[in-house]
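Here is the structure we will look at.
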Amino acid sequence: MENKKIKVMVAGLSNDLNQGKMARLIARAISIHPEMELYGFGLSEQTAGPYFDPHLQFGELLLVPSDDHEQALRIALDEGKVDMVIDFTLPRAVNCNVGLYCDIGMPHVVGTTGGEREKFMDRIRSSKVSAVVDTNFC
């Protein structure tokens, strides 16, 4: 029996090397993990376009800007292209992102530090969506 790979989308990627460091490391790890598959689109707060990382063991990955997150997530989930999102975004984005994941039924892992933690935890608890929240990974 063939093992099904876990298909993952990463939120928080950026071509600015001063931003998205954890998301970048997560994407790299997923791209080489034998039981995981990195989805070809990543969620970014910034402009759309190709994502550049010479250490990423993956073909082309495109960044989806904030205004298009909902559409990209719905398509990926509806077509079975993504099993979950790993969110390493910014504190100002995490509450909105968690709300979106819960609204569309997307399982997710949140590693973002900050945001209104109790508010987004309440939102997760009131949904039927599986989520893991563990900030300040160390």
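If you read the sequence shown in the numbering used here, its first letter stands for residue 3, the second for the next number, and so on.
Just so it is clear, CB atoms sit at the ideal spot from N, CA and C, and this is done for glycine as well.
Span of the beta strand (DSSP E), counted from its first residue to its last, around residue i
i: residue 13; result: 8–13
i: residue 44; result: 43–45
i: residue 39; result: 38–40
Bounding residues of the alpha helix (DSSP H) (the contiguous stretch that carries residue i)
i: residue 31; result: 23–34
Beta-carbon proximity list for residue i, same chain, < 7 Å, skipping 5 on both sides
i: residue 41; result: 9, 10, 11, 78, 83, 84
For residue j and residue i, believed in contact at Cβ under 8 Å, the rounded distance
i: residue 135; j: residue 112; result: 5 Å
i: residue 104; j: residue 126; result: 6 Å
Helix, strand or coil at residue i according to DSSP, with G and I counted as helix
i: residue 133; result: strand
Proximal residues to residue i (C-beta, below 8 Å), its chain only, five neighbours per side dropped
i: residue 106; result: 72, 75, 76, 79
message = In chain order, what are the residue ranges of uninterrupted beta strand (DSSP E) at least 3 long that sit wholly in the region 53–124?
response = You should have 64–66, 86–89, 110–112.
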